[in-house]
Amino acid sequence: MRKLFIAAALSALAGAAGAEVKVGMITTLSGGGAGLGIDVRDGFMLAIEQSGRDDIEVVIEDDQRKPGIAVQLADKMIQSDKVDVLTGIIWSNLAMAVVPAATAQGVFYLSPNAGPSQLAGAGCHPNYFNVAWQNDNLHEAAGAYANSAGYENSFLMAPNYPAGRDALTGYKRMFEGDLAGEVYTKLGQTDYAAEIAQIRASGADSVYFFLPGGMGISFLKQYANSGVEIPVVGPAFSFDQGILQAVGEAALGVVNTSQWSKDIDNPTNLAFVKAFQAEYGRLPSLYASQGFDTANLLLSALEKADPSDPDAFRAALMEADFDSTRGKFRFGPNHHPIQTIYARKVVKEGDVYTNKIIGVALKDHADAYADECKM
Amino acid sequence: MIAERHVNLALVLGLIVVPSWALAADEPFTITLATRAVILALAAVGLNIALGIGGLVSLGHAAFFGIGGYVMGILAYHAQTFTPLDLGAFSIAGTKAMPVIWLAAIVLSAFVAAVIGALSLRTSGVYFIMITLAFGQMFYYFAVSWRSYGGADGMSIYVRNSFPGLDTLVPIQFFALCLVLLGLVLYLNARLVRSRFGLALDAARQVPLRVRTVGLDPLRLKLAAFVLSGAVTGLAGALYADLNRFVSPAMFSWQFSGEIMVLVILGGTGRLFGPVLGAVVFVALEHFLGGLTDFWQIYLGIILLLIVLFARGGIIGLLCGKRGLHD
Amino acid sequence: MQAGAGPGVFRGPPRLQRDRTARHMSAILIVEQILNGLQFGVMLFLMAAGLTLIFGVMGLINLAHGSLYMIGAFVAAAVAGATGSFLLAMICALVAAAVAGAIVEIVVIRRLYAAEHLDQVLATFALILIFSEGTRWVFGSFPMYLEIPDYLSGAVTLPGGIQYPLYRVMLIGAGLAVGLGLWALIEHTRIGIRIRAGENDREMVAALGVDISRLYTLVFALGAALAGLSGAMVGAIQSVQVGMGEPVLILAFVVIVIGGIGSIRGALVGALLVGLTDTLGGVFLPELFKLFMAPAAATSVGSALASMSIYIVMSLVLIWRPTGLFGGRA
C-alpha cells in the first residue's frame, strides 16, 4: 500500500511537469466505512500502476463519509486541481450530493460503487458512467435466485433509508412468491434479536436482508445463534472478502448475489486476483475489482481520446473496450452496466472464508430505470 | 502577552487578505475553505452566546443548525420543483431568495430554541448537557425518517440560492456575503454583552442569587440567551446548506454539536472572537492534516487534548492571558 | 448455516394452520421480545455502571468510555484469534481495558477533575478521536472476527417452549452477576467504603489518609474494565469495528441521566427502562399504528417514533424530575 502511495506521489511530482490527465478520487479512507474506500483506491491504483503510464495524476482525498466534506472536495478538485475525471465515491447519498453538480460543470464522473436510481433514470447525464451496478441490481438478482431456489414466502429486512427501501423494491421486482414480512430497521442498528424473533414467528421459508457493513455482520452472527433455520439470501455486500472474515462461520453456506467473484474464470480476473494479492497481501474484494475495472475503463478511453474532447472521450468510454474482471462488460443507454449477476455461496478455503459461484442469477441484466433516462 | 484586540484585528485582516490573495492567485478552493470557516464560526458564535455568556453547555445545537439547513433545503426544493409547500391549512410557494430563507431559518430555530430551552432549563449541569443532546437526537431521527425530504440520504439543491445584486455562485461573492453576516452578528454580540441584558446575564451565570435579589428572573435571562443563540446557529445552518447545496440529517448529529463546541473551546470560551479563531484553526487543521496522513484524526485529537490540558481559555487565552470579554 | 438445508425443507405450513400458529406465536413473541429488551438493558448497565461510578466519585464526564468498550472488543477478537480461547479473550479484554483506563487516567484524566464540564467534554472528545483512529491504525480498517464458542452457541428451550439463544441467556446472567458483584464491592468492602466516602466528601477522605489519587485511578480502571468486558461480550454477537463504542456511549449516557447520575441503582433501572423501551418500541409501535393507519404509513411513522422513543422517555423523565429518578445532585 505504501509503495503505491509513493508511486502516486511520484507521478504527482512528474505530473507537475507534464501530466496530461488529472483524476480526482473522493473516497472514504477514515472512520468505520474506510475498508470499502481503501479497496476501491487500491484496486484503482493497481490498474494505473500496471498501465505504466506516468502522464496520469491521481489526486486522492478522504471524504470521511460526510456528504458536506465530499461536496467540498469535489469543489476543490474541480476548481483548484482542475481534474478531468472524478471517481471514488462509495455511498449513494454522497454520490447524490456530488455527481449532479460535478457533471453539470463538464467533469466526467466514473462511479466505482454507488448507483442510486435517480442517476440511472431521470437524473442520468452524458458524463456519468457507472462501472459497478445500479443499486437495485444485486437485489433483483437475489429475487430471481429465490424463485429458482423454489422459495415461496420471503421475509424481507433492510435499514430504513432510501437505499434500504430500494433494495427491497429490487427484490420484490423479481421475486414471485409471497411476503411473510417486511421490516425496516434503524440505520446503524447493532442488535437484531427483535427482528429475529419476528422472523421466527413469521412462517417464512426464506429471509432476504440488505444490511451493509457492520449491520450485516451483527445480524448474521446473531441469526446463526438463534436456532432459526430458515435459509438466508443476501447481496454480496455482507459476504464480501473484507467483511467475510469478521462474520466467519455464521456466513458459511449462505447464498449471495454478486456481479463479481474471485473465481470468475477469465484471464484478466485471475491475473487481477494474483496481482492484488501480491501487491497488498490480502484477497481482493468486490470493491477492489470495481476500482480496478473503473481504472481500466478510464485507461481504455484515454487510449482513444482525450478528455479535452468530451464527445470523443465520452464515445470512447461508452465503447467500454477493456478487459473487465467480470468478463463481458458493456454499457446500456443510460451508461450503467448490462451484466451477468451470479449466485455465490460462502465456503471455507483452508483458513479463509470466501465465495464460490454456484450459478447465474440473472444473465445480461440491465437496470429498471434505463427507460426513464433521456439523453 | 498580546492584547486581545490585536488578535481580533489580525483575525479580521486574515479573513480579508487570504481570500483576496486566493482570488488573485486563482485558488477558488481556498475561498471555499474560508467560507466554510466563516460559516462554522457563525454557528460557534451562536453557541458561544449560550455557552460563554449564559453558561449553558448545550450539546444539542446541531438541532438549530439542522433546522436552518432544512429550512433552506425545503424552501429551495419547492422552488426548484415549482410545487407549493403544503402546511395543512394553507400552502406557500418555495423560494430561492436568501433573505427570505434566512429570516425563516432564524424565526423557526428561535421558536424551537424557545421550546427546547423552556423544557431543558428546568435542569442544570450534566443533566442540561444530556437533555439538549436528547432533543438533538430526536431531530436527527426525525430527519432520518422524513422521507419526503430525502430521509437519511438528504437532498441536493442544484443551484445556490440567490441574493439581490450578487452572483452567489461566484465563490468570492458568497464568501463576502457570509463574512458580512458574521461581522454583523459579532457586532450585535458585542453590543449585547455590554447591554443591560448582557450584564444581567453574566451575573445570572456567576451569581444567580444576586440577580434574583434585584428582581430579575435568571431563568428568563438564560432562556432569552438560549433563543438568541439558537437563532444565530440556525442562520449558520442555512448558509452552510447553501455552501454545500446539500442538506442531510448529518447536520443534526450529536457529533456536529460536539464539533461546534470544540470550535468555541478551541478559540476561547466567552471571548467575542474565540469561536471565529477556533473555526479558522479547525478548518485549517482539518485541511492540512488530512493531506499528511490517513490517520490525521489522531493528530487532531492530540492537538485538542494539549489545548485543553495546557491552554485553558483556548488559543486566545494562551495568547492574551486569562480574561474573558465580560470580566 | 442454513442455505445448505435447501428449498422445500422449511416450506411454510398450510395457510389455516399458519393463522393459528401466528396467534399462538404472538404470546411467545412478546415474552421473547421482553427477554431481548432485558438482555440489551443488562449490557447497557455494564457500560452505564462504570460511567456513573466515575461521575459519582470524580465528577468527571467521560465521553471516551465508548472507546474502552471498543478496546475490549478488539482485544478479545485479537486474543481469541490468536489462542482460540474465548474465556481467555474475555479476561484479556477486561484486563486490557482496565490497564488502558488506568493509563488514560494517570496521563490525562486526573488533570481534568478540577476542570469545568466543558473542558472534560472536549478532552474526552479528543480521546475518542485518538482511540478510534489509533485502533484503526493498529488493527486495520476492516471489522474483526470474534465468535461465540461452541459451548455457548445455539438456542435453548426455555419454559413455555420459547427458543432463545444460549449466549443471550448467558449475557443476562453474566451481566446480573457483575452487577451483584459491583453492589457487594461497594457495600461490603474497604474499597467500597472509600468509594462511597469519596462520593460524599473528597476532602474528608483525603484528610483521613486515603491515597485519593490512587483511589481515583482504581475507580476509573474499574469502570473501564466493565466497559471493556461488555464490549468483548457484545462483540461476539455484533460487528467488532471502529466506532462501535459511540452509539453505546450515547445510550449509556441516556441511561445514567434517567437513573440519576452517580447512582448505581439508578443505572440499573435506567438501563432496563432504555433496553425495554428501545426493543419493544421498535417492534410494537409500528403494529400499534397499524390499528388506525394504512400499513405503509404506520410502519414509517412507527419506526420513526421508535427510534426517537428513548430520547422522548429521557426528556420526559428529566422534565418531571430534573436530576433523574434516583439522582441527588446535578
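Protein chains in written order, with my numbering: chain H, 1 to 375; chain V, 1001 to 1327; chain Z, 2001 to 2330.
From the three backbone atoms N, C-alpha and C, an ideal C-beta is built for every residue, glycine too.
Point to revise | Counterpart residues of P159/H in DSSP-defined beta bridges | key: Stepping through the first sequence from its first residue, residue 159/H is reached at position 159. BP columns for P159/H point to T185/H.
Check your understanding: Using a C-beta cutoff of 8 Å, does N1244/V count as contacting chain H?
Key -> Position 244 of the second sequence, counted from the first residue, corresponds to residue 1244/V. Cβ-Cβ to chain H under 8 Å: yes for N1244/V.
Point to revise | Presumed contact (8 Å Cβ cut-off) between Y2145/Z and I2237/Z, rounded CB distance | key: Here residue 2145/Z refers to the residue found at position 145 when the third sequence is read from its first residue. Here residue 2237/Z refers to the residue found at position 237 when the third sequence is read from its first residue. With 8 Å as the limit, Y2145/Z and I2237/Z do not qualify as a contact, their Cβ atoms being about 13 Å apart.
**Study point:** Same chain only: Cβ atoms within 8 Å of T1293/V, ignoring 5 sequence neighbours per side
**Key:** As a first step, residue 1293/V must be located in the second sequence, where it is residue number 293. Result list for T1293/V: Y1299, in chain order.
Point to revise | Touch test, the stretch 2072 to 2082 of chain Z against the stretch 2208 to 2215 of chain Z, Cβ-Cβ under 8 Å, three pairs minimum | key: no
Point to revise | Backbone CA spacing between F237/H and K221/H [nearest angstrom] | key: On the first sequence, residue 237/H is found 237 positions in, with the first residue counted as 1. On the first sequence, residue 221/H is found 221 positions in, with the first residue counted as 1. About 15 Å.
Check your understanding: Span of the beta strand (DSSP E) holding F108/H?
Key -> The residue you call residue 108/H lines up with position 108 of the first sequence. F108 to S111 is the extent of the beta strand (DSSP E) around F108/H.
Practice item. Could you tell me the distance, in whole angstroms, from the CA atom of V2138/Z to the CA atom of A1114/V? Key: On the third sequence, residue 2138/Z is found 138 positions in, with the first residue counted as 1. On the second sequence, residue 1114/V is found 114 positions in, with the first residue counted as 1. Going by the C-alpha atoms only, they are around 46 Å apart.
Point to revise | Y161/H: contacting residues in chain V (beta-carbon distance under 8 Å) | key: Working through the first sequence from its first residue, we reach residue 161/H at position 161. The contacting residues are V1144, G1151, A1152 and D1153.
Check your understanding: Should the stretch 273 to 288 of chain H be regarded as contacting the stretch 2173 to 2191 of chain Z, the criterion being three or more beta carbon pairs within less than 8 Å?
Key -> no
Practice item. Name, going along the chain, the residues of the stretch 1024 to 1041 of chain V whose beta-carbon falls closer than 7 Å to a beta-carbon of chain H. Key: E1027, P1028, F1029, T1032 and R1036
Point to revise | Cut-off 6 Å between Cβ atoms - residues of its own chain near V2242/Z, not counting five sequence neighbours on either side | key: Counted from its first residue, the third sequence places residue 2242/Z at position 242. Around V2242/Z: S2132, T2135 and R2136.
Exercise for review: Determine the direct distance from the alpha carbon of G2270/Z to that of V2255/Z, and round the result to whole angstroms.
Suggested key: Residue mapping note: residue 2255/Z aligns to position 255 of the third sequence, counting from 1. Residue mapping note: residue 2270/Z aligns to position 270 of the third sequence, counting from 1. Distance between the alpha carbons of V2255/Z and G2270/Z: 5 Å.
Review point. When we look at the beta-carbon of A47/H and count the other beta-carbons within 10 Å, is it buried (16 or more) or exposed?
Key: Walking along the first sequence from the start, residue 47/H turns up at place 47. Counting Cβ neighbours within 10 Å, A47/H comes out buried, since at least 16 surround it.
Exercise for review: Between the Cα of P267/H and those of D323/H, K345/H and V21/H, spot the shortest distance and give me the residue it belongs to.
Suggested key: Counted from its first residue, the first sequence places residue 267/H at position 267. Looking at the Cα atoms, D323/H is the closest of the given residues.
Practice item. Would you please verify whether the beta carbon of N93/H is less than 8 Å from any beta carbon of chain V? Key: In the first sequence, residue 93/H corresponds to position 93, counting from 1. Output row for N93/H: interface = yes.
Check your understanding: In whole angstroms, what separates the C-alpha of G2228/Z from that of A2097/Z?
Key -> By one-based count along the third sequence, residue 2228/Z stands at place 228. By one-based count along the third sequence, residue 2097/Z stands at place 97. So the alpha carbons of these two residues sit roughly 5 Å apart.
Practice item. Kindly indicate which three-state DSSP category E195/H falls into: helix, strand or coil? Key: The sequence position of residue 195/H within the first sequence is 195, counting from 1. In this structure, E195/H counts as helix in the three-state DSSP scheme.
Review point. When DSSP labels each residue in this structure, what does E2203/Z get in the three-state scheme?
Key: Position 203 of the third sequence, counted from the first residue, corresponds to residue 2203/Z. Residue state, collapsed to three classes: helix.
Review point. Taking C-alpha atoms, which residue in L1221/V, V1007/V, P1099/V and M1251/V lies nearest to G1165/V?
Key: Looking up residue 1165/V in the second sequence gives position 165. That would be P1099/V, whose Cα lies nearest to the Cα of G1165/V.
Practice item. Enumerate in chain order the residues of its own chain whose CB-to-CB distance from G216/H is below 6 Å, with the five nearest sequence positions on each side excluded. Key: Taking the first residue of the first sequence as 1, we reach residue 216/H at position 216. So the list reads S238, once near-sequence residues are dropped.
Exercise for review: Could you name the residues of chain V that M96/H contacts, counting a contact when the two beta carbons are closer than 7 Å?
Suggested key: Reading the first sequence from its first residue, position 96 is the one you call residue 96/H. What M96/H touches in chain V: D1153 and S1156.
Point to revise | Cutoff 6 Å; reference G332/H; Cβ partners in own chain excluding five residues on either side | key: Locating residue 332/H in the first sequence gives position 332, counting from the first residue. Answer for G332/H: I338, A366 and A370, listed in chain order.
Check your understanding: What are the complete alpha helix (DSSP H) segments, minimum 4 residues, inside the stretch 1056 to 1088 of chain V?
Key -> 1062 to 1080
Review point. How big is the Cα-Cα spacing for A2027/Z and I199/H?
Key: On the third sequence, residue 2027/Z is found 27 positions in, with the first residue counted as 1. On the first sequence, residue 199/H is found 199 positions in, with the first residue counted as 1. Distance between the alpha carbons of A2027/Z and I199/H is about 15 Å.
**Study point:** Cβ distance (whole Å) where L1182/V is taken to contact L1042/V below 8 Å
**Key:** As a first step, residue 1182/V is located in the second sequence; it is residue number 182 there, counting from the start. As a first step, residue 1042/V is located in the second sequence; it is residue number 42 there, counting from the start. That pair is a contact at about 5 Å.
Practice item. With 8 Å as the limit, tell me which residues of the stretch 2139 to 2150 of chain Z have their beta carbon closer than that to any beta carbon of chain V; keep them in chain order. Key: none
Practice item. Taking I2250/Z as the query, report the chain V residues whose CB atoms sit under 8 Å from its CB, ordered along the chain. Key: Looking up residue 2250/Z in the third sequence gives position 250. Those within 8 Å of I2250/Z in chain V are L1133, Q1137 and W1254.
**Study point:** Cβ neighbour criterion (16 or more within 10 Å) applied to N2200/Z
**Key:** In the third sequence, counting from the first residue as 1, residue 2200/Z sits at position 200. Looking at its Cβ environment, which holds fewer than 16 other Cβ atoms inside 10 Å, N2200/Z is exposed.
Exercise for review: Quick one: which unbroken alpha helix (DSSP H) runs of 4-plus residues sit fully inside the stretch 1130 to 1164 of chain V? Chain order, please.
Suggested key: none
Point to revise | Three-state class that DSSP yields for G123/H in the structure shown | key: Taking the first residue of the first sequence as 1, we reach residue 123/H at position 123. Coil at G123/H, not helix or strand.
Exercise for review: Look at the alpha carbon of A114/H and the alpha carbon of A163/H, and state the distance between them as a whole number of angstroms.
Suggested key: Sequence index remark: in the first sequence, residue 114/H carries index 114 (1-based). Sequence index remark: in the first sequence, residue 163/H carries index 163 (1-based). Rounded to whole angstroms, A114/H to A163/H spans 10 Å at the Cα level.
**Study point:** Beta carbon proximity, P2159/Z to chain H, threshold 8 Å
**Key:** Position 159 of the third sequence holds residue 2159/Z. It does not: the Cβ of P2159/Z has no partner Cβ on chain H nearer than 8 Å.
Review point. Of all the residues that make up the stretch 1277 to 1293 of chain V, which are near chain H by a beta-carbon distance shorter than 7 Å?
Key: G1290
Exercise for review: Please confirm if G121/H has its CB atom under 8 Å from at least one CB of chain V.
Suggested key: Sequence index remark: in the first sequence, residue 121/H carries index 121 (1-based). No, G121/H lies away from the interface with chain V (no Cβ there is under 8 Å from its Cβ).
Review point. Hey, how far is the Cα of V2283/Z from the Cα of K186/H?
Key: The residue you call residue 2283/Z lines up with position 283 of the third sequence. The residue you call residue 186/H lines up with position 186 of the first sequence. Going from the Cα of V2283/Z to the Cα of K186/H covers about 11 Å.
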